[in-house]
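Visitor: Questions regarding the structure given below will be posed in turn.
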Amino acid sequence: MSKGRVWKYGDNVNTDVIFPGRYTYQLMEPAEMAKHALEDLDPEFAKNVKPGDVIVAGKNFGCGSSREQAAACLRAACVQAVVAKSFARIYFRNAINLGLAVLQCEEASDALKTGDDVEIDFAGGKIISGGRVFKFFPLPDSVIGIIDAGGLIEYTKKKLASN
Amino acid sequence: MGKTLSEKILGKKAGRDVSAGEVVTVAPDYCLSHDNSAAIIGEFKKLGVARVKAPQKLVIILDHIVPAADEKYAQNHKTIREFVAAQGLPNFFDIQHGVCHQVLSEASFALPGKLIVGSDSHTTTYGAFGAFAAGIGRTEAASIWATDEIWLRVPETLRIDFSGKFPAGVYAKDAILKIIGDRGADRANYEAIEFTGPAAGDFSLASRMVLSNMAAEMGAKNGYFEPDAKTLEWVKARARADYEVVRSDKEATYEAVLKYDLSSLEPQVACPHTVDNVKPVREVEGKPFHQALIGTCTNGRLEDLEVAAGILKGRKVDPRVRALVLPASREVYVEAMRRGLLEAISESGCVILNPGCGPCLGAHEGLLAAGEVVVSTSNRNFRGRMGNRDSEIYLASPATAAASALEGKITDPRKYK
């Protein structure tokens, strides 16, 4: 289990504020992308985020564009997981495909605040903070294989090799 | 038990009977990508596969930043052209054609019963032709290029029944904004939307594309109209391939049914900074603004330019407003030119941009400075999308945008009917 701090945001955090369109064809390196993560929502985030931190948001996280950088930039910023009440569907797929943990948990979304210390027990399906324990919605079987392989590229490579 | 259009199309592809909630692994009919093809090529190369598995299924359309605005975009386009040539990809559309969703439709890949995925969130647009069409990410697109396969969850379906007739000055854009405002930006998350009811057949194909395009703004996986005589008339003149008309069964299961009477609608506007922050235009009338954008994949078709030109002809855009007009494709551009629409639009003081995505995604051709406000016919008004994070985007119909451009402030277009 690794520890981190919470960054709390609201509903409908969209892909434009997670990673602005003005950079989508300009920045290709993960380290560069991380510097602009959440820039139009919270300019302090990229400056102060630390490895293992967790984003906690409301419903429909990642709505909007299909741009994969919106998942990649958070992964590059070493965000441990995004916890939300719900995720937009393309964002959910992109995150899984890139190995960014996206955890659905209404209770944690309501209870956690910016600055809270948090630990995530992936194997046990639990989010732990200050003695409080929240269970997250288990991921569908269909996507666990992709995560186990380390993302879709590795998963597809293995599938192609086994054919 | 009856099946929905989505269950039928995905079931046929999976080779078995499927219902909402199941996950299927399927081979799509087409896979769209645009300027992001350069990034997909990067992911594809990581897979260690020499050749694209089904080259005829890839549709690549350069539209996001065309012509290239700087050296990086130019390199991006060059990488794509070289890959297309090396792989012998037959369905490549370079910068002269227009916005991918319009071009793919005009080139008639969007056919009834087809399964189309695209690494662009507004891939839902092809539902207007009775296809199952959903947005995906770029890594997934790379995987499809290599394997000709993707996993998809069969969606539940939200049915929206239309009745009545649009009053003068009210359009498809007002209907979809009203629905999103009423129901919220995540109402249809992971779901299909079926646009139907006694008035569905009255929507032109162009208007159906507005609704299917903006189904994405309710979180929908796909949003469609069942094919009818209008669809087949369009398709028969253009079809590139065989197609199969698929409709939902009468006994199909729906998650919910919503009803909208078009006769009761009035012009709508989505206020900053979410698409579901919708109000009647009259409630924000008089708000001054700096730029109008008429066009894009949402509202850049001939019928949209006709409406705009009808309002702008013989009048002048207010000197406080910069009015940009962005036809969705070269085909639209040429026909609008033939009909004299572009002449009227240009004489009114608008700037006509080349077909493409233009300023909609905030990359080039008319971005906003801090404190500036745009009235746009596009589909998203997220903070910072069209430039500075302290600019504001109001989404509206072409009629509202054109009337507002003339007045220099947000204006109900019904006074110009």
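Going line by line, the protein sequences match chains P and E. Heads up: the first sequence runs through residues 4 to 166, numbered per our numbering. Heads up: the second sequence runs through residues 2 to 418, numbered per our numbering. Virtual Cβ for every residue (Gly too), placed ideally from N, Cα, C. None of the values given here were measured: they were computed from a predicted structure.
Rounded to whole angstroms, what is the Cα-Cα separation between residue 446(E) and residue 179(E)?
Guide: Absent from the structure is residue 446(E), since the part of chain E shown begins at 2 and ends at 418.
Visitor: Would you list, in chain order, the members of the region 32-43 of chain P that have their beta-carbon closer than 8 Å to a beta-carbon of chain E?
Guide: Residues passing the 8 Å Cβ filter: 42 and 43.
Visitor: So, is residue 14(E) buried or exposed, given that buried needs 16 or more other C-beta atoms within 10 angstroms?
Guide: Burial call: buried.
Visitor: What's the C-alpha gap between residue 42(E) and residue 51(P)?
Guide: Approximately 33 Å, taken between the alpha carbons.
Visitor: Between residue 402(E) and residue 376(E), which are expected to be in contact by the criterion C-beta below 8 Å, what is the C-beta distance as a whole number of angstroms?
Guide: Right, the Cβ-Cβ distance comes to about 5 Å (below 8 Å), so this counts as a contact.
Visitor: Output the distance between the C-alpha atoms of residue 228(E) and residue 136(P), rounded to the nearest integer angstrom.
Guide: Going from the Cα of residue 228(E) to the Cα of residue 136(P) covers about 50 Å.
Visitor: Residues of the region 124-153 of chain E with a CB closer than 7 Å to any CB of chain P: list them in chain order, please.
Guide: Going along the region 124-153 of chain E in chain order, one finds 136, 137, 138, 139, 140, 141, 144, 147, 148 and 152 with a Cβ nearer than 7 Å to chain P.
Visitor: Residues in the region 70-81 of chain E with C-beta within 7 Å of chain P's C-beta atoms, listed in sequence order?
Guide: Residues passing the 7 Å Cβ filter: 73, 74 and 77.
Visitor: Among 101(E), 34(E), 141(E) and 173(E), whose alpha-carbon lies nearest the alpha-carbon of residue 378(E)?
Guide: Closest option to residue 378(E), Cα to Cα, is 173(E).
Visitor: Identify every residue that forms a DSSP beta bridge with residue 264(E).
Guide: Residue 264(E) pairs with nothing; no bridge assigned.
Visitor: Looking only at its chain, what residues have a beta carbon closer than 6 Å to the beta carbon of residue 23(E), apart from the 5 residues adjacent to it on each side?
Guide: These residues qualify, in order along the chain: 155.
Visitor: Which runs of the alpha helix (DSSP H) spanning at least 4 residues fall entirely within the region 360-412 of chain E, listed in chain order?
Guide: Entirely contained in the region 360-412 of chain E, the alpha helix (DSSP H) runs reaching 4 residues are, in chain order, 399-408.
Visitor: If the cut is a Cβ gap below 7 Å, which residues of chain P does residue 122(E) touch?
Guide: In chain order: 67, 68, 69 and 93.
Visitor: Going along chain E, which residues have a C-beta under 9 Å from residue 97(P)?
Guide: Neighbours of residue 97(P) on chain E, chain order: 137, 138, 139, 140 and 141.
Visitor: Going residue by residue through the region 205-284 of chain E, where are the continuous alpha helix (DSSP H) segments of at least 4 residues, counting only ones entirely within it?
Guide: Runs found: 206-216 and 230-239.
Visitor: Can residue 105(E) and residue 53(E) be called in contact, C-beta distance under 8 Å?
Guide: No, the Cβ-Cβ distance between residue 105(E) and residue 53(E) is not below 8 Å.
Visitor: Can you list, in chain order, the stretches of the beta strand (DSSP E) that have 3 or more residues and sit fully within the region 136-172 of chain E?
Guide: With a minimum length of 3 residues, the continuous beta strand (DSSP E) runs that stay inside the region 136-172 of chain E are 151-154 and 158-164.
Visitor: Of all the residues that make up the region 363-392 of chain E, which are near chain P by a beta-carbon distance shorter than 7 Å?
Guide: If the cut-off is 7 Å between Cβ atoms, the region 363-392 of chain E has 363, 364, 381, 383, 384, 385, 386 and 390 near chain P.
Visitor: Quick check: what's the CA-CA separation for residue 312(E) versus residue 65(P)?
Guide: If you take the alpha carbons of residue 312(E) and residue 65(P), they lie about 37 Å apart.
Visitor: For residue 24(P), go through chain E and note every residue whose CB falls closer than 7 Å to its CB, in chain order.
Guide: Those within 7 Å of residue 24(P) in chain E are 362, 363, 364 and 386.
Visitor: Along the beta strand (DSSP E) that carries residue 26(E), what are the first and last residues, could you check?
Guide: Here the beta strand (DSSP E) through residue 26(E) covers 24-27.
Visitor: Tell me the DSSP secondary structure of residue 218(P) in three-state form.
Guide: Since the first residue of chain P shown is 4 and the last is 166, residue 218(P) is not available in this structure.
Visitor: May I have the straight-line CA-CA distance separating residue 107(P) from residue 87(P), to the nearest angstrom?
Guide: Near 5 Å, if we compare the C-alpha coordinates of residue 87(P) and residue 107(P).
Visitor: Express the C-alpha separation of residue 150(P) and residue 187(E) in angstroms, rounding to a whole number.
Guide: Rounded to whole angstroms, residue 187(E) to residue 150(P) spans 25 Å at the Cα level.
Visitor: Looking at chain E, is there any beta carbon in it that lies within less than 8 Å of the beta carbon of residue 101(P)?
Guide: Closer than 8 Å to some Cβ of chain E, the Cβ of residue 101(P) qualifies, so yes.
Visitor: Just checking my contact of residue 189(E) with residue 219(E) at CB under 8 Å: how many whole Å lie between their CB atoms?
Guide: 4 Å between Cβ atoms; contact.
Visitor: Here's a check: name, in chain order, each residue in its chain whose Cβ is nearer than 6 Å to the Cβ of residue 38(E), leaving out the five neighbours to either side.
Guide: For residue 38(E), where only same-chain residues beyond five positions count, the Cβ hits under 6 Å are 61 and 81.
Visitor: Would the beta-carbon of residue 380(E) fall within 8 Å of that of residue 299(E)?
Guide: Yes, the Cβ-Cβ distance between residue 380(E) and residue 299(E) is below 8 Å.
Visitor: Taking the alpha helix (DSSP H) that residue 193(E) belongs to, which residues open and close that run?
Guide: Taken as a continuous stretch (DSSP letters only), residue 193(E) belongs to no alpha helix (DSSP H), being part of the beta strand (DSSP E) at 193-197.
Visitor: Taking one C-beta from the region 108-117 of chain E and one from the region 127-145 of chain E each time, how about it: are there three or more such pairs within less than 8 Å?
Guide: Yes, since at least three Cβ pairs between the region 108-117 of chain E and the region 127-145 of chain E fall closer than 8 Å, the two stretches touch.
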